[in-house]
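Each residue of the sequence shown is one higher than the one before, starting from 28 at the first, in my numbering.
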Amino acid sequence: MNIPHDIYVHVPFCVSRCKYCAFYSHACATPDWDTYTRNICAEIEHWGHKLGPISIPTVFFGGGTPSLMPVTTFDKIINTIRHTFDLDANAEITLESNPGTIDAQKLSDFVLAGVNRLSVGVQRIDNTSLAFLGRRHDLAMAYNLLNAAQKLPIRLSADFIYGLPGDTTETVTNMCRDINKIGLSHVSMYELTIEENTPFGKMNLDMPTNEQMADMYCTIAQELKLPRYEVSNYAAPGNECRHNQNVWYGGAYIGIGRGAAGRININGTWYEQMGDNAVFAPISPRDRAVEMIITGMRTTRGVAISHTIMQLINTEFITKNPELVHMNDGYICATEKGMLILDDLLLKLVK
Ligand code: SF4
């Protein structure tokens, strides 16, 4: 029997490219939305034929800049999902947005069409940093969008970046205090990473050291008035992103659009899937279990213990390193110290 799958819809367009961005997206202010909509709806129908009318607990429109999308495009896509599958009555429907690409009226129209969770790419609380990152918006535009969203009956999240050249624990403390004043129930805090083939990748920037980054990471946990529930995510209890939690906990999801990846489960077999139906291949139980350990360990809950998972876990390492990782109530999870070195920790944890 087929199980519920979440849906991720990738919207691969941005007005321009930020200097640090390595995501798959095109700089294009006026995309061909009709062609995009047709292709996305055809992919949804393809999965409908393959999986049947399964239940869909969440839909996440990520990008790129999904808020660039006309509301009519969103409407056609969400209705295709509704007609093809069994979209839950209380489904979480998230739209990623960038300030300056959506005003209060358009946001309200998105909400009427079904969006009930908005994620805003605020990134920084000062205009100098926003310009440095190559963001198109300024702080006033970000606050306008947050204020408009706070008047609507939706859940609200915002993304921020720390670890820019010159950032210190004091910078991060001030940033967290400003974020606290906004009164968000969900915040994502990403460390700036320098990727090849981006303008920043060619600039030889004087980045903070690993130790300075670690200090900033710990400062965020102390200053933000929201508990961390994943390496980079903080939420008031009950306001966690259900879509991302499903991915981290090893649930099934369909990736729609060329830049999207999914993990499909058909009659108990897992398949790797890439949007645009470019890839669809079975994953061995071992590889899938390793993936579940890697994503589950990103969360403060940890990875759920099962027979398959335990066959891959170096239990001696857990016993000898209680300051880094522990087993609790059916889960293996990293401590605060373990989270700081998660990649190294995973290399030692998985046999
Ligand atoms: S808005 Fe987001 S996806 Fe678009 S270029 Fe900037 S960082 Fe990349």
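Ideal Cβ positions, reconstructed from N, Cα and C, are used throughout, including at glycine. Bear in mind the structure is a predicted one, so any value in this text is a computation, not a measurement.
If contacts are defined as beta-carbon pairs under 8 Å, then residue i and residue j qualify, I think. What distance do you get, rounded to the angstrom?
i, j, result
"Leu369", "Arg325", "7 Å"
"Glu267", "Thr200", "Actually they do not touch by this definition, with Cβ atoms about 24 Å apart."
"Tyr47", "Leu219", "6 Å"
"Leu339", "Val352", "Between Val352 and Leu339 the Cβ distance is about 14 Å, and since that is not below 8 Å, they are no contact."
"Leu367", "Tyr244", "6 Å"
"Asn271", "Ala49", "So it is not a contact: roughly 19 Å between Cβ atoms."
"Ile71", "Asp33", "About 13 Å separates the two Cβ atoms, so there is no contact after all."
Given the structure, does residue i come close to the ligand SF4, in the sense that its CB is under 7 Å from one of the ligand's heavy atoms?
i, result
"Gly302", "no"
"Cys55", "no"
"Asn143", "no"
"Ser156", "no"
"Thr92", "yes"
"Gly365", "no"
"Ser52", "yes"
"Asn125", "yes"
"Arg44", "yes"
"Gly265", "no"
"Cys48", "yes"
"Gly323", "no"
"Gly148", "yes"
"Cys41", "yes"
Here's the rule: buried if 16 or more other CB atoms are within 10 angstroms of the residue's CB, otherwise exposed. What is residue i?
i, result
"Leu95", "buried"
"Ser43", "exposed"
"Leu374", "exposed"
"Thr85", "buried"
"Thr64", "buried"
"Gln177", "exposed"
"Leu139", "exposed"
"Gln132", "exposed"
"Ala316", "buried"
"Thr99", "exposed"
"His53", "exposed"
Opposite residue i in the DSSP bridges: which residues?
i, result
"Val142", "According to DSSP, Val142 bridges with nothing at all."
"Arg290", "Tyr280 and Glu299"
"Phe307", "Gln300"
"Glu257", "Asn260 and Thr326"
"Glu218", "Tyr189"
"Ile34", "Val86 and Ile281"
"Phe40", "His53"
"Met354", "Ile359"
"Gly148", "Asp186"
"His213", "Ser184 and Ala262"
"Thr121", "Phe87 and Arg144"
"Leu114", "Ile83"
* To do: Please determine if the stretch 211-224 and the stretch 252-264 are in contact, where contact requires at least 3 C-beta pairs separated by less than 8 Å.
  => Using a Cβ-Cβ distance cut-off of 8 Å, the stretch 211-224 and the stretch 252-264 are in contact, since at least three pairs of beta carbons, one from each stretch, lie closer than that value.
* Asked: Is the stretch 142-162 in contact with the stretch 183-196, if contact means three or more CB pairs nearer than 8 Å?
  -> Counting Cβ pairs under 8 Å, three or more are found: they touch.
* Do three or more CB pairs link the stretch 75-92 to the stretch 39-58 at distances below 8 Å? -> Because the criterion of three Cβ pairs below 8 Å is met, the stretch 75-92 and the stretch 39-58 touch.
* Asked: Do the stretch 220-233 and the stretch 273-283 touch if we need at least three Cβ pairs shorter than 8 Å?
  -> Contact fails: fewer than three Cβ-Cβ distances are below 8 Å.
* Asked: Counting Cβ pairs, one atom from each stretch, are 3 or more of them under 8 Å apart for the stretch 105-121 and the stretch 284-295?
  -> Two segments are said to touch when three or more pairs of C-beta atoms, one from each, lie closer than 8 Å; by this definition the stretch 105-121 does not touch the stretch 284-295.
* Is the number of C-beta pairs between the stretch 112-123 and the stretch 141-148 that are closer than 8 Å three or more? -> Touching, yes, given that three or more Cβ pairs across the two stretches are closer than 8 Å.
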